[in-house]
Amino acid sequence: SLDAIDLQDRCELSNRTGMDSETLKRAFLNNLFYVQGKFPALATTNDYYMALAYTVRDRLLQRWINTAATYTELGSRTVAYFSAEFLMGPHLGNNLINLGIYDQVEQGMAELGLSLDELQEEEEEPGLGNGGLGRLAACYLDSLATLDIPSLGYGIRYEFGIFDQDIRDGWQVERTDKWLSAGNPWEIARPEWSVEIKLGGHTEHYTDDHGNYRSRWVPDQVVKGIPYDTPILGYQTNTANTLRLWTAEAPESFDFRSFNSGDYLGAVYEKMISENISKVLYPNDDSSQGKQLRLTQQFFFVSCSLQDMIRILHGQNLPLENFHKKFAVQLNDTHPAISVVELMRLLIDHHQMDWEQAWTITHQTFAYTNHTLLPEALERWPIELFGSLLPRHLELIYEINQRFLDEVRIKFPDDEERMIRMSLIDESGERYVRMAHLACVGSHAINGVAALHTELLQKDVLRDFYEMYPHKFTNKTNGVTPRRFMVLSNSQLSKLITSKIGDSWIKNLKELQQLEQFVDDAGFQVEWRRIKQHSKTELATYIQNNNNITVDPDSLFDIQAKRFHEYKRQHLSLLHIVTLYNRIKANPDIEITPRTFIFGGKAAPGYFMAKLIIKLINSVGNVVNRDPDVRGRLKVVFLKDYNVKLAQRIYPAADLSEQISTAGKEASGTGNMKFALNGALTIGTLDGANVEIREEVGEENFFLFGLTTEEVYHKRAHGYRSRDYYHTNAELKLAIDRIASGFFSQGDAELFRPLVDDLLNQDQYFLFADYASYIACQDQVAAVYKDQTKWTRMSILNAARMGKFSSDRSIEDYCRDIWKVEPVNVELRQC
Ligand code: GL2
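Residue 507 in my numbering is what sits at position 408 of the sequence shown, and the numbering runs on without skipping anything.
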């Protein structure tokens with residue numbers, strides 16, 4: 100029988116776990132033959148990539164199975180990270196790093212005449228997120244596994260992730276992202292754990308056999324959720340946690356119903372409608388679109404996940420009353436906030452729990468992270484829409500609200516205004532369900548993502564909730580994983596660092612501080628600069644190949660890479676470019692520090708102004724890059740299709756990182772951390788995590804400019820008039836006039852008018868107010884760059900002082916303060 104075969108023998112026989120170069124090569128060739136069905140002579144690059152991916156996956160599986168077995172045996176307390184987005188990036192390289200076999204595999208492939216870089220390039224990245232919020236979730240999974248914390252990521256397996264961006268005639272054009280079309284070797288479908296989801300219909304109320312008043316939901320649609328699991332291996336540990344993403348399908352029973360009545364096409368139509376739920380990621384970053392399909396997606400993945408967790412609980416013979424002891428659920432923004440109500444419904448309607456107990460469990464289960472201060476991102480759903488999709492949940496929300504408002508009334512008597520402000524229902528016009536309020540009421544902990552952001556939440560956006568529940572609030576400053584964003588993406592710098600201070604910084608980023616002892620070591624400085632130069636040269640080659648623009652790796656690489664948003668102010672950087680250009684035109688022999696301005700990022704497809712800013716960058720580039728007067732001193736490059744893969748090329752090559760949002764608008768930012776970790780200096784405002792980055796690296800190593808949050812508030816309150824700045828600053832006026840005149844748009848003075856008019860008449864993000872300070876600061880940047888020794892010193896200190904911004908530190912903070920969860924050691928026992 101199977102049992103009779105010693106498991107370890109089976110592993111060794113099949114060569115599926117060995118990590119030495121020879122075993123890996125043999126396993127790779129086996130997979131090419133048995134999985135891809137190819138001889139090397141006929142194999143494509145994709146065949147080779149797949150064969151390697153399966154070779155790596157086999158090594159993951161062993162750890163994954165042991166991890167699951169350990170957690171099940173121990174009944175370990177587990178973190179469930181609920182997120183509508185997981186922007187994972189390519190898996191292959193990261194798994195090689197975390198398994199500790201990157202160099203062996205690179206060498207093994209080379210011996211077979213293959214380039215590991217090329218094979219990694221072949222992987223279609225799973226772009227199941229928009230930007231920072233989704234990437235944060237991915238960094239957190241990496242840290243959870245690295246720190247041996249039992250955890251599950253729960254989300255949606257979108258068939259189409261974030262769109263691919265093309266640039267045509269300077270405009271953004273969106274193409275669908277077919278990330279699954281070549282197959283996904285990293286996931287395993289688990290149809291045996293499918294669950295059913297209800298939608299629509301109505302509710303019924305009845306008295307049960309024990310005389311209790313009960314409710315039930317009679318849906319008019321049922322959808323099946325199928326889990327697909329991806330192993331998330333930690334760095335140099337046996338822990339491999341699970342990312343469980345749900346795909347929607349029509350349940351077979353429904354097909355049959357229509358099929359039996361002869362309505363075959365109706366049955367297929369129903370299937371199609373069901374599958375739409377997990378079809379596509381909404382491409383909006385930091386703003387909400389009140390579409391029914393979006394609410395359906397949120398409810399779909401949340402209900403699937405909670406049902407799955409109840410199954411796990413039962414599988415471990417734990418009572419439902421222990422749900423909150425077994426699981427800590429983190430709500431990544433309000434997208435999964437409907438969980439609060441869905442768990443109440445499952446406990447009360449399905450498991451006959453009484454309200455008080457269900458509420459205690461629910462509220463001790465959930466914690467909520469807020470990721471934005473922007474009003475347009477605060478989710479609210481029209482009551483009508485909400486009630487038609489989730490009628491039972493609406494009833495439960497009314498009940499939660501009533502009990503909550505009773506509490507408010509007791510704590511703040513005779514304060515009707517406060518009750519209106521805090522209600523879960525917005526009744527000021529059309530009625531809405533306020534998801535942030537629901538998340539605050541239904542969670543035992545609430546956090547912002549940077550110190551300033553949390554402070555502003557408490558003072559402003561969630562002030563009433565802070566006054567009501569001050570004990571719930573804490574700050575959890577974001578972090579990024581040094582495995583992907585240093586070890587994998589900047590291997591030369593990582594190796595230099597390791598040669599000086601050993602490799603424990605990779606798991607304990609604070610140790611980078613030891614680099615400070617080499618800051619004035621001339622040999623170290625030379626090496627540091629050489630590596631930066633190398634990364635810049637590689638990016639220059641990429642730019643040559645993709646944009647057909649020649650850039651000088653000796654010039655200052657000034658980079659802004661992030662989603663396009665007016666509040667992030669890519670157009671402030673543009674005003675700087677136009678200003679430098681104007682200075683050259685006025686005085687062609689002027690001394691200017693040569694710079695290459697590099698932009699990358701996507702705009703939401705429906706965000707006109709953001710798309711116009713992309714067009715303006717390309718238009719200015721077209722003029723500046725070709726003007727002989729400029730003589731190569733300025734170059735403007737827009738890199739299309741910014742994603743995780745491209746980000747990994749960009750961070751190592753940056754000299755200057757642009758973090759120039761209007762103060763009080765960027766909750767945290769995480770790109771700012773990745774750039775600085777890779778030795779870029781930051782030019783930035785006192786916004787989001789910039790504040791803490793500056794604190795860590797020292798003000799003398801950070802280029803600060805611009806208004807503070809208070810100054811912005813004050814100006815707004817006292818009637819800000821951007822036009823006054825335009826009239827009093829000659830360089831600003833000239834820059835704006837040039838854009839308005841059609842100079843960059845072949846004489847078309849209409850093209851950029853919406854942007855120019857907005858800046859002159861509104862400028863709600865205070866570009867004009869910050870312009871002079873920004874330009875002065877950039878002049879200082881240019882001056883310091885000329886002193887390469889000074890610059891290198893600042894660069895080393897920036898990297899050396901980034902320890903705080905490891906996602907390991909963030910996760911430790913969450914574990915200690917919110918989740919109350921401990922590491923679990925996994926030993927390899929079986930394969
Ligand atoms: C964001 C914030 O805008 C960003 O500043 C923050 O770093 C990330 C992660 O906390 O969250 N909020 C948001 O809605 N998106 C973000 O990137 N999309």
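By construction, the Cβ of each residue, glycine as well, lies at the ideal position given by its N, Cα and C atoms.
Placement of the Cβ of residue 231 at a distance of less than 6 Å from at least one heavy atom of the ligand GL2 is found. The three-state reading of DSSP puts residue 523 in coil, since its state is none of H, G, I, E or B. Check the Cα spacing between residue 172 and each of 394, 211, 412: the tightest is with 412. Under the three-state reduction of DSSP, residue 219 is assigned to helix. Contiguous alpha helix (DSSP H) elements confined to the region 177-261 occur at 191-198, 201-210, 215-221, 231-245, taking only those with 4 or more residues.
Not one heavy atom of the ligand GL2 sits closer than 6 Å to the Cβ of residue 791. With contacts defined by Cβ atoms closer than 7 Å, residue 923 and residue 175 form a contacting pair.
Looking from the CA of residue 371, the closest CA among 327, 321, 361, 472 belongs to 321. Taking 6 Å as the cut-off, one finds at least one heavy atom of the ligand GL2 near enough to the beta carbon of residue 471. Annotation for residue 765 indicates a beta carbon within 6 Å of some heavy atom of the ligand GL2. Closest by C-alpha distance to residue 607, out of 582, 288, 444, 652, is 582. In this structure, residue 546 has its beta carbon at no less than 6 Å from each heavy atom of the ligand GL2.
Within the same chain, Cβ atoms closer than 7 Å to the Cβ of residue 643 are found at 649, the five residues on either side in sequence being excluded. One Cα belongs to residue 892, the other to residue 880, and the distance between them is close to 14 Å.
In this structure, the straight-line span from the alpha carbon of residue 124 to that of residue 593 is close to 26 Å. Bridge pairing for residue 324: 294, 347 [DSSP].
Residue 558 counts as exposed, since fewer than 16 other beta carbons sit within 10 angstroms of its beta carbon.
For the ligand GL2, a non-hydrogen atom lies closer than 6 Å to the CB of residue 384.
Annotation: residue 733 is outside any alpha helix (DSSP H); the continuous beta strand (DSSP E) that includes it extends over 733-738. Around the beta carbon of residue 282, a 10 Å sphere encloses fewer than 16 other beta carbons of the protein chains shown; the residue is thus reported as exposed.
Bounds of any beta strand (DSSP E) do not take in residue 836; it lies within the alpha helix (DSSP H) bounded by 829-840.
Residue 519 and residue 215 have their C-alpha atoms some 60 Å from each other. Between residue 697 and residue 658 a beta carbon distance of about 5 Å is seen, short of the 8 Å cut, so the two are scored as contacting.
By the Cβ-count criterion, residue 888 is exposed, with fewer than 16 other Cβ atoms from all chains shown falling within 10 Å of its own Cβ. Between residue 784 and residue 805, the CB-CB gap stays under 7 Å. Approximately 18 Å separates the beta-carbon atoms of residue 775 and residue 743; this is outside 8 Å, ruling out the contact. Looking at the DSSP output, residue 329 sits in a beta bridge with 342. In the DSSP assignment, residue 161 falls within the alpha helix (DSSP H) that extends over 144-173. Secondary structure of residue 121 (DSSP, three-state): helix. For residue 140, the closest C-alpha among the options 184, 213, 327 is that of 213. In this structure, DSSP gives residue 428 an extended state, which the three-state scheme calls strand.
In the DSSP assignment, residue 863 falls outside any beta strand (DSSP E) and carries neither an H nor an E. When distances are taken from the beta-carbon of residue 577 to the heavy atoms of the ligand GL2, the shortest one is below 6 Å. Residue pairing of residue 313 in beta bridges, as defined by DSSP: 305. The beta-bridge partner set that DSSP reports for residue 481 consists of 531.
In this structure, residue 621 keeps its C-beta atom at 7 Å or more from the C-beta atom of residue 741.
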